[in-house]
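> As they're listed, the protein sequences go chains H and D. Under the numbering used here, read the first sequence as residues 39 to 379, first letter to last. Under the numbering used here, read the second sequence as residues 194 to 740, first letter to last. Here a beta-carbon is modelled for each residue, glycine too, at the ideal position from N, C-alpha and C. The model shown is predicted, which means the values in this text are computed figures rather than measured ones. Following this message is one structure expressed as structure tokens.
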Amino acid sequence: MSCPSLLLFAALSLAAADPVDDVSGEVNVYSSRHYDTDRELYRAFEEETGIAVRLVEASGDALLARIRSEGANSPCDLYVTVDAGRLHAAEAAGLFEPLRSERLEGRVPEHLRHSQGHWFALTKRARCIFYARSAVRPEELSTYEALADPKWKGRVLIRSSSNVYNQSLVGSLLARVGEEATEEWARGLVANLARKPQGGDTDQIRAVAAGEGDLAVANSYYYAKLMKSDDPADREVVEKVGIFFPNQGGRGTHVNVSGAGIVKTAKNEENARRLLEFLLSDASQRMLARGNNEFPVVPGVEPDDVVKPWLEFEFDTETPVEELGRRNKQAILLMDRVGWR
Amino acid sequence: MSGRTTDRARGAGAVANPSPWSVAALLIAASVALPVALVVAHVGADSEGIWPHLVDTVLAEYVVNSALLLVGVGVGTAAVGVTTAWLVTMCSFPGRRVWTWALLLPLAMPTYLMAYTYTDLLQFSGAVQSALRDGFGWGRGDYWFPEIRSVGGAIVTFSLVLYPYVYLLARAAFLEQSLCVLEVGRTLGRGPWRSFLSIALPLARPAVAAGVALAMMETLGDYGAVDHFAVNTFTTGIYRSWTALASPEAAAKLAGLMVLLVGAILAFERVARGRARYHHTTGRRRPLRPIPLRGVRGVAATIACAVPVLLGFAVPTGVLLHLAIDRGGAARGGELARLAGNSFFIAAAASVVIVGIGVLVGYGRRIDRGWPLRICARLVSLGYAVPGSVIAVGVLFTLGAFDRTFGTFVGGTMVALLFAYAVRFSSLSLQTVDAGLARIHPSLDAAARTLGRGPGRVMFEVHAPLLRGSVLTAALLVFVDVVKELPATMIVRPFDLETLAVSVHRYASDERLAQSALPALLIVAVGIGPVVLLSRAIDRSRIEDAT
Numbered sequence: 039m040s041c042p043s044l045l046l047f048a049a050l051s052l053a054a055a056d057p058v059d060d061v062s063g064e065v066n067v068y069s070s071r072h073y074d075t076d077r078e079l080y081r082a083f084e085e086e087t088g089i090a091v092r093l094v095e096a097s098g099d100a101l102l103a104r105i106r107s108e109g110a111n112s113p114c115d116l117y118v119t120v121d122a123g124r125l126h127a128a129e130a131a132g133l134f135e136p137l138r139s140e141r142l143e144g145r146v147p148e149h150l151r152h153s154q155g156h157w158f159a160l161t162k163r164a165r166c167i168f169y170a171r172s173a174v175r176p177e178e179l180s181t182y183e184a185l186a187d188p189k190w191k192g193r194v195l196i197r198s199s200s201n202v203y204n205q206s207l208v209g210s211l212l213a214r215v216g217e218e219a220t221e222e223w224a225r226g227l228v229a230n231l232a233r234k235p236q237g238g239d240t241d242q243i244r245a246v247a248a249g250e251g252d253l254a255v256a257n258s259y260y261y262a263k264l265m266k267s268d269d270p271a272d273r274e275v276v277e278k279v280g281i282f283f284p285n286q287g288g289r290g291t292h293v294n295v296s297g298a299g300i301v302k303t304a305k306n307e308e309n310a311r312r313l314l315e316f317l318l319s320d321a322s323q324r325m326l327a328r329g330n331n332e333f334p335v336v337p338g339v340e341p342d343d344v345v346k347p348w349l350e351f352e353f354d355t356e357t358p359v360e361e362l363g364r365r366n367k368q369a370i371l372l373m374d375r376v377g378w379r
Numbered sequence: 194m195s196g197r198t199t200d201r202a203r204g205a206g207a208v209a210n211p212s213p214w215s216v217a218a219l220l221i222a223a224s225v226a227l228p229v230a231l232v233v234a235h236v237g238a239d240s241e242g243i244w245p246h247l248v249d250t251v252l253a254e255y256v257v258n259s260a261l262l263l264v265g266v267g268v269g270t271a272a273v274g275v276t277t278a279w280l281v282t283m284c285s286f287p288g289r290r291v292w293t294w295a296l297l298l299p300l301a302m303p304t305y306l307m308a309y310t311y312t313d314l315l316q317f318s319g320a321v322q323s324a325l326r327d328g329f330g331w332g333r334g335d336y337w338f339p340e341i342r343s344v345g346g347a348i349v350t351f352s353l354v355l356y357p358y359v360y361l362l363a364r365a366a367f368l369e370q371s372l373c374v375l376e377v378g379r380t381l382g383r384g385p386w387r388s389f390l391s392i393a394l395p396l397a398r399p400a401v402a403a404g405v406a407l408a409m410m411e412t413l414g415d416y417g418a419v420d421h422f423a424v425n426t427f428t429t430g431i432y433r434s435w436t437a438l439a440s441p442e443a444a445a446k447l448a449g450l451m452v453l454l455v456g457a458i459l460a461f462e463r464v465a466r467g468r469a470r471y472h473h474t475t476g477r478r479r480p481l482r483p484i485p486l487r488g489v490r491g492v493a494a495t496i497a498c499a500v501p502v503l504l505g506f507a508v509p510t511g512v513l514l515h516l517a518i519d520r521g522g523a524a525r526g527g528e529l530a531r532l533a534g535n536s537f538f539i540a541a542a543a544s545v546v547i548v549g550i551g552v553l554v555g556y557g558r559r560i561d562r563g564w565p566l567r568i569c570a571r572l573v574s575l576g577y578a579v580p581g582s583v584i585a586v587g588v589l590f591t592l593g594a595f596d597r598t599f600g601t602f603v604g605g606t607m608v609a610l611l612f613a614y615a616v617r618f619s620s621l622s623l624q625t626v627d628a629g630l631a632r633i634h635p636s637l638d639a640a641a642r643t644l645g646r647g648p649g650r651v652m653f654e655v656h657a658p659l660l661r662g663s664v665l666t667a668a669l670l671v672f673v674d675v676v677k678e679l680p681a682t683m684i685v686r687p688f689d690l691e692t693l694a695v696s697v698h699r700y701a702s703d704e705r706l707a708q709s710a711l712p713a714l715l716i717v718a719v720g721i722g723p724v725v726l727l728s729r730a731i732d733r734s735r736i737e738d739a740t
């Protein structure tokens, strides 16, 4: 760093010296879960414990970069993010303080938490196939692998390879069927696309309803949100589009998570642990899952009524979420190679 | 020729014996340039195989798309901006006064809102195509419709909201042109249109070039809109390499290439301009007498002005209004007011700081032509073309190192956020101030200095009154841009600070576009005030000239 700029910053920081106060009554959260229910839960935590929750929301990648740049000075105590890929990136960067908590280990199933306690999942979501009821019979559907079948040429909708949900889906295939088969599959899938990958998950489902393609890949909760919407246009989409849980009878439907871990440099480590435990309590789990129509990670906690019937399907519990994270980079490079935008 | 020699002589002198002003300018410029320089500094580092992978797979697409987008937006903004500026300044036709300020309205519309609204309207499942299919009984593949999520879609929508940069600067330049010059042209037998092409347009060239450069740099730095349009460019590539592939080295190589592209564009303009200079040699001015346009010509002029305003402002605002009323859900007035207040005060603070930097550095460059300041000023200009997310990372890195060294806590404060804005937007104020300074003939400086005034007093007594318009323009442009800014705000902001743009993104990224409509409309509303002020300020400058 050049000398002049140091002087400038010295001047600036004297003017703005705002040291982080050491009051024990707070916990600082960086989160990429931007749902209203999360904020309600933080408020409930404040009321229950008297510990103030301070929040910055941004994308998981950006927050990770911020914690790394702040280094030992980082005010962040708890890092909350969506997707295994991001949790893994944070762990690989040595960001998390491993937490050994018999209580939490008893509540969160093994495949939904880091083996050394670096992070714990908060909610899980399934990546499903959606089909146009007018053009596809559900019996024609079976597995993710079958989406590469040439019979679907020009009929499949999926979003970009920059999307972490797709990266983790490809990661799960890498873990289960190997690199060669996954690459061949991805090539076949790209050849079947109805349009250049674009938009979000809801956009894929809407495009099926509008007739732009016959199959789409999207997360379960986006469909649940349309089911609960009071907009007639949304309900029309649900009437035209069906949800299918692939790979039943095999390894089960691919699931991903949102999760959180305590940051190594946390100044309020104890408060962060309490918040994490609070988020994994039955009441919070119910709220977290219902707010966004996801599945709770704590067994026995009931999700929203709309989602409840889906619990009877088989989910992939054999592939640890940790493994998806480790495969993330490999998945991205593979998708680049096959021209998945 | 003699001008060049003096420049060099003065430059050498400045390095050997710098004035306090040029030292301050150098310090500020170096600090603002630092985060971008740090990002680019990774350029030579080993990327562990990521860079060759990018070259093999996606790089060609990044280069082609970015280049197409730049050329398209450059041509589009120049065409719309110059035509409309000429019409409302030099001609008279029905509604001219209204169009004069209405043409600035698209400035308040962020590119990402253009992307959200036009996609919502024009994509396959959008209102327009659905109505066509229902109306004609068509299905998929039965008809052709332009794909909004494409390079073409991006060029058109970007041009529609970025042309005001050209319009603004071209109009100011046309207003400043003495009618005497144009009348000389007319007495030499040129018609009104030919004197436009052969006299007014060439004279306005630095202004038009500066406007186009701003539009192009904003295009290059955009992330949200191109991402929504599913167009892979340098910015999406940089972001993806940095974050998903965890390779700052590959990201820096991409950023380096992008910087080369910007450099090439700026150099092209410089070479094309050659040694021409654009100072006015006389302060004598006569008010312009507008050319009346009647009948068909008047209608054509009205249409030429109405189309950009309709498409760049009225249509997206209409879509947002419709979304807000139709499915926006209950409005939380208190929270919206708080968000709008935050956006307003942050933008106001940022424009004061950034205009200060622009004046300091711009004027510093006028009195000190040494190479250190010249290079720093170039680097400052690059900030505008670097995506906000990359700037944010550079700023976090810089401040992190600073805090660790000095045990301070600047990171995560408002100072950090203002610093990020300064890195991103100083170019805007620097270019505007520079354009203003370029029109003041150096002989004025020389005269004042001969009369014993130091550089500071020349600045305050001679330049300040002449620069007032440029400074105000810079302040308002920065204000509007900060209100619209998203990625750097998201990443660098202090705890619990939320702005309108952040709130829009929160909903839109969760695919709740309807709920983002109200804060989105407020972004536009907060931006309109300064836009109208801007227009008035320019008009006033003209009236003062006339009296």
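Identify the contact partners of residue 234 of chain H in chain D, using a Cβ-Cβ distance below 9 Å as the criterion.
Against the first sequence, residue 234 of chain H aligns to sequence position 196. Those are 340, 342, 343, 423, listed as they occur along chain D.
> Step through the CB atoms of chain D and report whether any lies within less than 8 Å of the CB of residue 318 of chain H.
Sequence index remark: in the first sequence, residue 318 of chain H carries index 280 (1-based). Judged by the 8 Å Cβ criterion, residue 318 of chain H is not in contact with chain D.
> Taking Cβ positions only, does residue 351 of chain D come closer than 8 Å to chain H?
Sequence index remark: in the second sequence, residue 351 of chain D carries index 158 (1-based). Output row for residue 351 of chain D: interface = no.
> I want to verify the contact list: residues of chain D whose CB lies under 7 Å from the CB of residue 371 of chain H, in sequence order.
As a position in the first sequence, residue 371 of chain H is number 333, starting the count at 1. Those are 246, listed as they occur along chain D.
> Beta strand (DSSP E) containing residue 353 of chain H: first to last residue?
Along the first sequence, read from residue 1 onward, the residue named residue 353 of chain H stands at position 315. Taken as a continuous stretch (DSSP letters only), residue 353 of chain H belongs to no beta strand (DSSP E), as it is neither H nor E.
> Quick one: measure Cβ to Cβ for residue 261 of chain D and residue 591 of chain D, integer angstroms, because I've assumed they're closer than 8 Å.
As a first step, residue 261 of chain D is located in the second sequence; it is residue number 68 there, counting from the start. As a first step, residue 591 of chain D is located in the second sequence; it is residue number 398 there, counting from the start. Contact flag wrong, Cβ pair sits at about 33 Å.
> Compute the beta-carbon to beta-carbon distance between residue 662 of chain D and residue 366 of chain D, rounded to the nearest angstrom, for a pair I have assumed lies under 8 Å.
Reading the second sequence from its first residue, position 469 is the one you call residue 662 of chain D. Reading the second sequence from its first residue, position 173 is the one you call residue 366 of chain D. So it is not a contact: roughly 11 Å between Cβ atoms.
> Flag residue 250 of chain D as yes if its beta-carbon sits less than 8 Å from any beta-carbon of chain H, otherwise no.
For the purposes of this step, residue 250 of chain D is taken as the residue at position 57 of the second sequence. Answer yes: the Cβ-Cβ gap between residue 250 of chain D and chain H drops below 8 Å somewhere.
> DSSP has residue 68 of chain H in a bridge; who is on the other side?
The residue labelled residue 68 of chain H in the question sits at position 30 within the first sequence. Note: residue 68 of chain H sits in a beta bridge opposite H:94, H:117.
> Determine the chain A residues that contact residue 364 of chain H at a beta-carbon separation under 9 Å, and present them in chain order.
The displayed structure is made up of protein chains H and D, and chain A is not among them.
> So which residues of chain D does residue 238 of chain H contact, with C-beta pairs closer than 7 Å?
One-based indexing of the first sequence puts residue 238 of chain H at position 200. Within 7 Å Cβ-Cβ: 704.
> Mapping DSSP to helix, strand and coil, what is residue 163 of chain H?
The sequence position of residue 163 of chain H within the first sequence is 125, counting from 1. If DSSP states are grouped into helix, strand and coil, residue 163 of chain H belongs with the strands.
> In this structure, does DSSP put residue 111 of chain H in helix, strand or coil?
Within the first sequence, residue 111 of chain H is the residue found at index 73, counting from 1. Residue 111 of chain H falls in the helix class under three-state DSSP.
> So, is residue 61 of chain H buried or exposed, given that buried needs 16 or more other C-beta atoms within 10 angstroms?
For this step, residue 61 of chain H is matched to residue 23 along the first sequence. With a pLDDT of only 45 at residue 61 of chain H, under the threshold of 50, the placement of this residue in the model should not be trusted, and no figure is reported.
> With a cut-off of 8 Å, does the C-beta of residue 436 of chain D fall near any C-beta of chain H?
For the purposes of this step, residue 436 of chain D is taken as the residue at position 243 of the second sequence. True, the Cβ-Cβ gap to chain H drops below 8 Å.
> As an exercise, report each continuous alpha helix (DSSP H) stretch of at least 4 residues that is fully enclosed by the stretch 656-730 of chain D, in chain order.
Counting only runs of 4 or more, we get 657-677, 680-685, 693-702.
> Among all the DSSP beta bridges, which residues are the ones paired with residue 151 of chain H?
As a working mapping, residue 151 of chain H is identified with position 113 in the first sequence. Paired residue(s): H:158.
> Where does residue 40 of chain H land, buried or exposed, given buried means 16+ other C-beta within 10 angstroms?
Residue 40 of chain H sits at position 2 when you count from the first residue of the first sequence. Reliability of the predicted coordinates at residue 40 of chain H is poor, the pLDDT of 43 falling under 50, and no value is obtained from them.
> Considering just the uninterrupted stretch of the beta strand (DSSP E) at residue 300 of chain H, what are its terminal residues?
The sequence position of residue 300 of chain H within the first sequence is 262, counting from 1. Looking at the DSSP string, the run of the beta strand (DSSP E) that includes residue 300 of chain H is 293-300.
> Show which residues of chain H have a CB atom less than 8 Å away from the CB atom of residue 259 of chain D.
Counting from one through the second sequence, the residue named residue 259 of chain D turns up at place 66. Simply none; closest approach about 15 Å.
> Contact criterion: CB-CB distance below 8 Å. Does residue 93 of chain H meet it with respect to chain D?
Position 55 of the first sequence, counted from the first residue, corresponds to residue 93 of chain H. Yes, because at least one Cβ of chain D sits closer than 8 Å to the Cβ of residue 93 of chain H.
> By the 7 Å beta-carbon criterion, what residues does the stretch 676-692 of chain D contribute toward chain H?
Of all residues in the stretch 676-692 of chain D, 683, 684, 686, 688, 689 have a Cβ within less than 7 Å of some Cβ in chain H.
> Could you tell me whether any Cβ in chain D is nearer than 8 Å to the Cβ of residue 200 of chain H?
Along the first sequence, one-based indexing puts residue 200 of chain H at 162. Interface residue, yes.
> May I have the straight-line CA-CA distance separating residue 311 of chain H from residue 266 of chain H, to the nearest angstrom?
Start at 1 with the first residue of the first sequence, and residue 311 of chain H comes out as number 273. Start at 1 with the first residue of the first sequence, and residue 266 of chain H comes out as number 228. One C-alpha to the other measures close to 34 Å.
> If you compare alpha carbons, which of H:364, H:218, H:313 is closest to residue 92 of chain H?
Within the first sequence, the letter at position 54 stands for residue 92 of chain H. Taking only the C-alpha atoms, the option nearest residue 92 of chain H is H:313.
> Measure the C-alpha to C-alpha separation of residue 276 of chain H and residue 174 of chain H and round it to an integer number of angstroms.
Here residue 276 of chain H refers to the residue found at position 238 of the first sequence. Here residue 174 of chain H refers to the residue found at position 136 of the first sequence. Computed Cα separation, rounded: 15 Å.
> Output, in chain order, the set of chain H residues within a Cβ distance shorter than 7 Å of residue 317 of chain D.
Numbered from 1 along the second sequence, position 124 holds the residue referred to as residue 317 of chain D. What residue 317 of chain D touches in chain H: 245, 248, 250.
> By DSSP, does residue 225 of chain D sit in helix, in strand, or in coil?
Numbered from its first residue, the second sequence carries residue 225 of chain D at position 32. Here residue 225 of chain D sits in helix by DSSP.
> I'd like to check one pair, residue 684 of chain D with residue 440 of chain D: are the Cβ atoms closer than 8 Å?
Sequence index remark: in the second sequence, residue 440 of chain D carries index 247 (1-based). Sequence index remark: in the second sequence, residue 684 of chain D carries index 491 (1-based). Not in contact: residue 440 of chain D and residue 684 of chain D (Cβ atoms no closer than 8 Å).
> Whose CA, out of D:329, D:359, D:311, lies closest to the CA of residue 339 of chain D?
Counting from one through the second sequence, the residue named residue 339 of chain D turns up at place 146. Looking at the Cα atoms, D:311 is the closest of the given residues.
> Can you find the residues in the same chain that come closer than 8 Å, C-beta to C-beta, to residue 400 of chain D, ignoring five residues on each side of it along the sequence?
Against the second sequence, residue 400 of chain D aligns to sequence position 207. If we look at residue 400 of chain D and ignore the five residues flanking it on each side, its Cβ neighbours are 362, 363, 365, 366, 628.
> Closest to residue 224 of chain D by CA distance: which of D:704, D:503, D:265, D:574 is it?
Position 31 of the second sequence holds residue 224 of chain D. Comparing Cα positions, the closest option is D:574.
> Count the other CB atoms, across all protein chains shown, that sit within 10 Å of the CB of residue 501 of chain D; report buried if there are 16 or more and exposed otherwise.
Stepping through the second sequence from its first residue, residue 501 of chain D is reached at position 308. Label assigned to residue 501 of chain D: buried.
> Anything in chain D within Cβ reach of residue 117 of chain H, meaning under 7 Å, just list it in chain order.
For the purposes of this step, residue 117 of chain H is taken as the residue at position 79 of the first sequence. By Cβ distance, chain D contributes nothing, its closest Cβ being about 14 Å from residue 117 of chain H, past 7 Å.
> Classify residue 334 of chain H as helix, strand or coil using the three-state DSSP reduction.
As a position in the first sequence, residue 334 of chain H is number 296, starting the count at 1. Looking at residue 334 of chain H - three-state DSSP - the assignment turns out to be strand.
> By the 8 Å beta-carbon criterion, what residues does the stretch 573-587 of chain D contribute toward chain H?
If the cut-off is 8 Å between Cβ atoms, the stretch 573-587 of chain D has 582, 585, 586 near chain H.
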